[in-house]
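A quick write-up on the structure given underneath.
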Amino acid sequence: MAWLKKEPLRSLKKDLGKDKLLTSPEELLLYGYDATSYRGEPIAVVMAETTDDIRGAVNFARDEGYKITPRGAGSGLSGGSVPVDGGIVISCERMNSILKVDVDNQYIVVQPGVVTSIVQEAAARHKLFYPPDPSSYTISTIGGNVAENAGGLRCFKYGVTGHYVLGIEFIDAEGNLYHTGALDDKDHNPDLTPLLVGSEGTLGIFSQIALRLIRAPEETVTISAYFNDQKSVFNSIDKIISSGCVPSVLEYIDGKALTASARHIGIDFPEDAVGLLLIELDGFKAEIESALTYIKELLADITVEMNIASLESDRKRLWQLRRGISPSLIRISSGKIHEDVAVPRHRLLDLVEFIRETEDKFNLEIPFYGHAGDGNLHVVIMYDADQGGQQEKANKASQGIFKAAIDMGGTITGEHGIGYAKRQYLPWQQPDKVIELYRQIKDLLDPQGLFNPEKVLTTR
Ligand SMILES: Cc1cc2nc3c(=O)[nH]c(=O)nc-3n(C[C@H](O)[C@H](O)[C@H](O)COP(=O)(O)OP(=O)(O)OC[C@H]3O[C@@H](n4cnc5c(N)ncnc54)[C@H](O)[C@@H]3O)c2cc1C
0 MAWLKKEPLR
10 SLKKDLGKDK
20 LLTSPEELLL
30 YGYDATSYRG
40 EPIAVVMAET
50 TDDIRGAVNF
60 ARDEGYKITP
70 RGAGSGLSGG
80 SVPVDGGIVI
90 SCERMNSILK
100 VDVDNQYIVV
110 QPGVVTSIVQ
120 EAAARHKLFY
130 PPDPSSYTIS
140 TIGGNVAENA
150 GGLRCFKYGV
160 TGHYVLGIEF
170 IDAEGNLYHT
180 GALDDKDHNP
190 DLTPLLVGSE
200 GTLGIFSQIA
210 LRLIRAPEET
220 VTISAYFNDQ
230 KSVFNSIDKI
240 ISSGCVPSVL
250 EYIDGKALTA
260 SARHIGIDFP
270 EDAVGLLLIE
280 LDGFKAEIES
290 ALTYIKELLA
300 DITVEMNIAS
310 LESDRKRLWQ
320 LRRGISPSLI
330 RISSGKIHED
340 VAVPRHRLLD
350 LVEFIRETED
360 KFNLEIPFYG
370 HAGDGNLHVV
380 IMYDADQGGQ
390 QEKANKASQG
400 IFKAAIDMGG
410 TITGEHGIGY
420 AKRQYLPWQQ
430 PDKVIELYRQ
440 IKDLLDPQGL
450 FNPEKVLTTR
């Protein structure tokens, strides 16, 4: 039946212009995945270069009855940009221009395909700062960050992507173009921006985004502290926070993730260390000095090694083990489920104990690491994908960890979103009436259910 579909696709190709429609099997393969193990097969990929390209593709898909999967860089960890229902992928990666940097009013307007680190660098050139810092910052796009309300390393002090979104230009499933917040030059109210942040590509496609910038910190200091017992790590985090210090980064890496990363990079760490706490302080010099004095005193007797760096090159060295985790874990296991549960910070140790019990119960390796200051841990359930029954075991372990996080007053996703991976677990943490309300909002903007089918919500 494929020939039936070819004629309309030809007309879309003609309307879009040269090189903007991909249809070869090799090209389609490249747009069928994200950073999870889910895979999909689109019928075509639109490489949008303008807002009009997105509108044209949306109108075409609606009229021809195709589903639409919006896509940034495909670095998502919840299956959000995987075209699980086929249809058309609309990729925003070529929409990668910075449209405006307003230094006096401290904001930047970008197309959705601009990579996060490019925004950070553009701000830095003007002594300004774009704080959101997902670990994927060198690959992820702003469109994907806004759609996932991405968090990251500096959340504890600076908050998540949504705290910096001033306005959005977006297209709904009818092909209508809207401007919200700061991008609405007539009136900012009512401001629909917060509704769109974290909508995971289910309500519309963003074609422009205005982001708030702030003054760049005067100095940054990084501290790496190795512990030989886990309880002291979490006690120290509580003490640092209750002392009034506000580190920009409070990142924990457990012994298993540490070992994998150290082997991968080829560097050593203290033999008796069971965990590493990475702390970063930024701001005015005087502010950093007093926080640093407190932290050094607190950690001096309870750590097995502590390093402090303020030069960029030395700080980068202290970050090596954290940056090496993801690539190292990919190499040592054929199957992995990457969860990002979050709990109230005072329950972190309970969550860690539960993870260790789960390891023993299912006989699986479960390294973890993450944004401990926010109570958000990335829990990686490793299994042998070639051995029968292992994946089912890993799924059960994952479900148990979800339940435990919810029971502790937490969530099944701290920052990676619900997407395709966790949609069936959404009712575990949200009452039916909230899920139904979201369905009704989606029906208004996307009455035919074109955008990102099977994501966040299951089919009715
Ligand atoms: C090594 C690694 C580290 C990571 N670290 C972090 C971290 O610290 N914090 C964190 O929060 N996440 C992290 N992530 C997850 C991921 O990078 C983020 O979710 C990121 O925001 C996804 O951006 P993307 O451009 O790759 O989007 P994609 O994966 O392409 O898409 C993600 C979602 O956004 C939607 N979307 C994309 N573009 C648009 C658009 N223009 N309009 C509407 N919807 C759109 C898609 O449909 C999909 O639902 C990490 C991932 C990896 C692989």
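Anchor point for the sequence shown: position 317 equals 316 in numbering that gives the first Met the number 0, and the numbering is continuous, going up by one each time.
Backbone N, C-alpha and C define an ideal beta-carbon position, used for all residues, glycine too.
For Phe233, the enclosing alpha helix (DSSP H) has its first and last residue at 229 to 241. Counting only the Cα atoms, Lys126 lies some 43 Å from Ile434.
The closest heavy atom of ligand 1 lies less than 7 Å from the beta carbon of Ala146. Under the DSSP assignment, Arg70 falls in the beta strand (DSSP E) whose first and last residues are 67 to 70.
Leaving aside the five residues that flank His415 on each side, the residues in its chain whose CB is nearer than 6 Å to its CB run, in chain order, Leu76, Ser77, Asp339. For the 8 Å CB-CB criterion, Ile42 and Ile67 do not form a contact. Proximity to Gly399 across Met381, Ile354, Asp385 peaks at Ile354, based on C-alpha coordinates.
If you check the C-beta of Ala209 against ligand 1, you find no heavy atom less than 7 Å away. For Asn394, the uninterrupted alpha helix (DSSP H) segment begins and ends at 389 to 406.
Approximately 36 Å separates the beta-carbon atoms of Leu212 and Ala261; this is outside 8 Å, ruling out the contact. Here DSSP, grouped into helix, strand and coil, assigns Gln207 to strand. Contact between the segment 204 to 222 and the segment 157 to 177 is established, with three or more Cβ pairs separated by less than 8 Å. Here the distance from the Cβ of Ser139 to the nearest heavy atom of ligand 1 is below 7 Å. Thr221 is bridged by DSSP to Glu279, Ala308. Fully enclosed alpha helix (DSSP H) runs of no fewer than 4 residues occupy 115 to 123, 141 to 147 of the segment 76 to 155, in order along the chain. DSSP places Gly372 within a helical segment (H, G or I) once states are collapsed to three.
Nearest neighbour of Val109 by Cα position, chosen from Glu120, Ser116, Asn95, Asp101, turns out to be Asn95.
At least one heavy atom of ligand 1 lies less than 7 Å from the C-beta of Thr68.
DSSP lists Leu376 as the beta-bridge partner residues of Val340. Proximity to Ser312 across Ala259, Leu297, Thr221 peaks at Thr221, based on C-alpha coordinates.
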